[in-house]
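Colleague: Have a look at the structure that comes next, please.
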Amino acid sequence: MKNSKFIENQIIKTLKKKEQGRSVGDLSIELGIDKSTLYTGARSMAAWNSNSLKGLRNMKRKIIDSN
Numbered sequence: 227m228k229n230s231k232f233i234e235n236q237i238i239k240t241l242k243k244k245e246q247g248r249s250v251g252d253l254s255i256e257l258g259i260d261k262s263t264l265y266t267g268a269r270s271m272a273a274w275n276s277n278s279l280k281g282l283r284n285m286k287r288k289i290i291d292s293n
């Protein structure tokens with residue numbers, strides 16, 4: 227599986243900006259990606275809101291720390 231070049235924090239920030247009403251065009255220019263990539267990413271992450279991603283990251287840390 228191909229690793230994303232974006233880290234979780236960048237994904238969270240981008241989702242928050244999109245939720246706040248920033249246009250996809252502006253976000254794609256800011257990130258240096260194509261609009262279609264942003265739409266695809268937003269669609270695939272639709273089930274995850276930014277709080278869910280933070281929770282997932284915290285769970286990963288707890289699992290790693292417990293090992």
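Counting from 1, position 26 in the sequence shown corresponds to residue 252 in my numbering; the numbering is continuous, with no gaps. Using N, Cα and C, we set each Cβ at its ideal position, and we do this for glycine too.
Specify, as a first and last residue, the run of the alpha helix (DSSP H) that residue 255 falls within.
Modeller: Residue 255 -> alpha helix (DSSP H) spans 250–257.
Colleague: Looking at the structure shown, is residue 293 part of a helix, part of a strand, or coil, going by DSSP?
Modeller: Looking at residue 293 - three-state DSSP - the assignment turns out to be coil, as it is neither helix nor strand.
Colleague: Exposed or buried, residue 238, counting other C-beta atoms within 10 Å across all chains shown (16 or more means buried)?
Modeller: With 16 or more Cβ atoms within 10 Å of its Cβ, residue 238 is classed as buried.
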